[in-house]
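In our numbering, the protein residues as written are 13 to 210.
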């Protein structure tokens with residue numbers, strides 16, 4: 013009887029040890045598999061909000077940052093740039109920004125939180141090209157004499173004013189998108205997030 017116990021106990025230990033090693037191996041194989049299903053750091057960063065310092069942006073200047081793989085323009089509009097906006101109400105397709113191309117807090121004449129600072133996704137709403145800045149008036153930018161400044165999409169000729177509003181009878185169906193954003197300080201903007209009170 014003691015010989016049977018030795019054989020059974022030894023076999024039992026072997027089965028338990030094999031099961032433990034097999035279980036540990038299965039867990040070791042499962043961890044990389046499950047972690048591969050999580051988004052990569054690059055993917056997380058691509059969708060993460062972007063913090064931007066705008067303190068050095070002079071009136072009339074524009075800077076471009078990347079957010080979610082898209083160019084986002086930040087423009088410090090000068091007073092003459094801002095003065096063109098009400099003049100162009102009759103020339104743009106959606107002067108009151110009735111289409112939801114901006115957060116509610118930017119549904120105003122300047123399409124911005126602070127009148128001077130414009131934040132817009134620099135992608136044409138027609139076919140996704142990137143418009144060019146044409147800030148000078150008239151023929152100085154190769155435009156017609158009535159041009160007051162803004163943006164031109166070179167692919168199909170859509171034009172946008174300094175608030176990103178598309179002009180009438182152009183291929184682009186909508187104004188440029190204004191992403192959600194908020195001010196962290198007077199000179200720091202967080203693009204891609206807007207907490208209450210933005």
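For each residue, glycine too, the CB sits at the ideal point set by N, CA and C.
As the structure is a prediction and not an experimental result, all values here were calculated from the model.
Look at residue 32 here: in three-state DSSP terms it is helix. For residue 193, the pairing in a beta bridge is given by DSSP as 203. Residue environment: residue 108 is assigned as exposed (fewer than 16 neighbouring CB atoms within 10 Å of its CB, all protein chains considered). By the Cβ neighbour-count rule, residue 132 is buried, with 16 or more other Cβ atoms within 10 Å of its own. Ranked by how close their Cα comes to the Cα of residue 110, the residues 65, 189, 163 and 167 have 189 in first place.
In terms of CA proximity to residue 199, 69 leads the group 69, 27 and 62. By the neighbour-count criterion, in which a residue is buried when 16 or more other Cβ atoms sit within 10 angstroms of its Cβ, residue 187 is buried. Straight-line measurement puts the Cα of residue 177 at about 25 Å from the Cα of residue 63.
By the 16-neighbour rule on beta-carbons within 10 angstroms, residue 168 is exposed.
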